[in-house]
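Notes to accompany the following structure.
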Amino acid sequence: MTHLPHLVMDLGLILGAAGITTLIFKKLKQPLVLGYIIAGLLVGPHFNLFPTIVEVENINVWAEIGVIFLLFSLGLEFSFKKLVKVGGASSIMAGVEVLVMLLLGYLTGKMLGWSTMDSVFLGGILSISSTTIIIRAFDELGVKSQRFAGLVFGVLIVEDLVAILLLVLLSTLAVSQQFAGTEMLQAVLKLAFFLVVWFLAGIFLIPTFLRKASKLMNDETLLIVSLALCFLMVILAAQVGFSPALGAFIMGSILAETTKAEKIEHLVASVKDLFGAIFFVSVGILINPAMIVEYAGPIALITVVTIAGKMVSITGGGLIAGQGLKTSIQSGMSVSQIGEFSFIIATLGLTLNVTSDFLYPVAVAVSAITTFTTPYMIKMADPLHRSVEGMLPERWKKSLNEYSSGAETISTVSDWKTLLRSYVINLVVYSVILIAIVLAAGNFLYPFITENVINGVWGGITTVGIALVFMAPFLWAMAVYHPQKEAQGRIWANRNYRSLIIVLEFARVGIAILFIGFLLNQVLSVLVAIVGSLLIIGLLVLFSQKIQNFYTRIEDRFMSNLNAREIEAASKMTHTLVPWDAHLISFEVSPNAVVVGKSMIELEIRERYGVNVAVIEREGRTIMAPTRNERIFPGDKIYVFGTDEQVDAFRAFINEELIPAQNGEATREEVSLQKLVVSSASGLLGRTVRQSGVREKTKGLIVGIEKQGERVLNPDSELVIEEGDILWIVGSPWRIKQLEADRNRA
């Protein structure tokens, strides 16, 4: 009989168990992650009722590959632009939560008598919530469209980035075995340095490569190239002392900025699901049920700390960020669990042999319990909010409302703040690039030239010459480039500030000269470095215009690559014909839209709205110039051509959905909450709610009025509308906009 390797047998056993538990957990409508963990427990060495895997070490290797694919996929969904767009509120909430949970985890571990490393890793495990579980819970409960859900998604994005930082810091701490502030700072600076270098170089090179090779790529080659880039970055990250998972995450986030991001994400999904399943099954394999029973008390305590700590910290962070009591409580109740990254952090402790054997199964048990409680916590958010609000004194509630309203005001940015921010950003970015070039020249280029091309002083001069070619555009940008000319011009117009501007300009030039000296000192003597610096400065001044053009091409290429995804999306969405103020724009037909199932002749789109339906995209098929008998189906993408006014009118129609009427027939109406501020010229001024005619004109209802900072919910019909009042109206959006236009004309 042919011998079958143990690895193949183990893999078949793992996937078989995972498949069965997946079906069961799908039927029970429970997270698949828990099913995978239970599958691992059943085929692991601590459970003898079923066949057991033979070589755990090989499975651990597969699990590490699973972590790489999980982080690569997370990077594809992440995108650094998402972090920029997250906003201050989510960042504050995530920051407060991470700090509180790190401290609570450490103190809980110490209270249980655990070692310092166990306590530190426990804090890291508890500080990160589960993106997968939260998204699934939001889908099942239908709350993704609510305001707090957007904040929670922002918190999860920030947490994912913090988790990457925690992996690096905990690795450094595990190696040093002590809280060395200097080493931790060096680790953070090293991480920041390589993140900037990899991101800048990746955005400059990889999208260009994918674009030029796009004609040669089908799905198969794109998948292979993407995975090759992923593992190349994994190797590079490991070579400079970071975890392989960090390299996978970075490459994913770089590819997320390309026009191929969605395609790559789709192609990698199956591979990620396969190896991700193996990883989570391996998590279950390492669980010892006897240890969970032995540590039932600590598990219960840590579960309570996790739920209560996350709820309080996120709620507190939301209140600090001015998000209001209800939104803050809803957010806090949504993130009270731990998940995928917690397993990775726990695995890191085991791999480095710095944590005790019990910490891993304890973390998994806490994750399982908090996963089951998550949907119930989200459902309890509204009752809890009402209870807390009922207990708060009126003075406190009024203060919270005033604070949350004040936090939403738009702040102006001074010219000085704009200018200094641009100076700092440019200084950091160009310094990182120049340091990278200098270090590469000194550590790699110089030894190669002196050993293989020419040695001695001429080898150093050759190295300097090559390095300066790459450094010149960034030296020019650091010393001369003005990204905020308008702000600087307005400041220069004030004679009192001119001396400060001159000092800043000289400082930029001085820093650029220091980088030249840094390069020369790497490969030449100090005396030659001083003389060479003066000569190089003269050459840079002489060729300033050519260097400027070179830098402009580099910046244009980088910005084009960085914004390529948005540019492509915009080009698909709208094409403007300037002389007529008309453009082509697309709409996706929802399953419940009123147009579904109707033909073009029935809809009379051109006659009623003045727009022309140019194209219909349907399941990969493009219908050009659809005929009058062509029908609209759910999921169709309709491209229409018209002016702004015509398109706006058609948008209101295409977005309308069928809702059941009281008589059982279908009626069309879109309903939303709209805000209307009463000005001194408003026709509503001085009228009562009943006299305002809002109900008759908008087919809607005034559900709230804000008067001088006080909020009146469901106001009395005799309440008089005054200047400065904010009306909240539920009704048809276009009717409310028409009301606003009418009262402004009045």
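The sequence shown begins at 1 in UniProt numbering and counts up by one.
Backbone N, C-alpha and C define an ideal beta-carbon position, used for all residues, glycine too.
What are the residues that DSSP puts in a beta bridge with residue i?
i	result
W728	K675, G704
F587	I638
E265	BP columns for E265 are empty, so no partner.
E710	K707
I616	I623, I638
How many Å lie between residue i and residue j at the Cα?
i	j	result
I203	K212	14 Å
D273	K26	15 Å
I659	G683	At I659 the pLDDT is 45, less than 50, meaning the model places this residue with poor confidence and gives no usable figure here.
V281	H46	14 Å
K326	V678	26 Å
E604	R695	29 Å
I466	H266	41 Å
E555	L562	10 Å
G109	L216	55 Å
M251	L542	39 Å
L11	P5	10 Å
A308	S336	8 Å
G322	L49	55 Å
S399	G390	15 Å
F121	A614	59 Å
P289	I314	32 Å
E505	L434	19 Å
S342	K379	24 Å
Whose C-alpha, out of the options, is nearest the C-alpha of residue i?
i	options	result
A269	S73, L169, F231	S73
residue 803	F199, L191, L223	Residue 803 lies beyond the range of the chain shown here (1 to 746); nothing can be said about it.
A63	G284, Q522, I601, N561	G284
E394	G538, E710, E505, N563	E710
I516	E505, G442, T552	G442
M233	P207, L156, W198, G19	W198
G332	G316, E340, F343	G316
L255	S129, L222, A277	L222
F279	I38, V432, F633, I513	I38
T370	A346, I134, P715, R421	I134
F153	S334, T259, L107, S599	S334
I729	Q708, G693, E718	G693
T208	L195, I164, T259	T259
L7	V240, Y36, E55, L41	E55
N401	G35, K707, I302	K707
V158	S127, S171, L170	S127
E294	S253, L519, T347, D357	D357
S91	L161, E77, Y106, I378	L161
P51	N58, N60, L41, E57	L41
So, with DSSP's three-state summary, where would you put residue i?
i	result
G642	strand
I128	coil
H6	helix
V596	coil
T627	coil
T688	strand
W580	Residue placement at W580 is flagged as unreliable, the pLDDT there being 41, under the threshold of 50; the coordinate-derived value follows with that caveat. Three-state DSSP puts W580 in a helix.
V611	coil
V480	coil
I547	helix
E257	coil
I632	coil
V413	At V413 the pLDDT is 47, less than 50, meaning the model places this residue with poor confidence; the figure from the coordinates comes in the next sentence. Here V413 sits in coil by DSSP.
V720	strand
F138	helix
V143	coil
P31	coil
Y295	coil
E451	helix
N521	helix
P715	coil
P45	coil
M380	coil
S680	coil
D648	helix
F50	coil
P375	helix
Uninterrupted alpha helix (DSSP H) stretches inside the region 170-252 (no shorter than 4 residues) | 181-212, 219-239
Suppose only complete runs of 4+ residues qualify. What are the alpha helix (DSSP H) ranges in the region 275-353, listed by chain order? 289-294, 296-320, 325-334, 340-351
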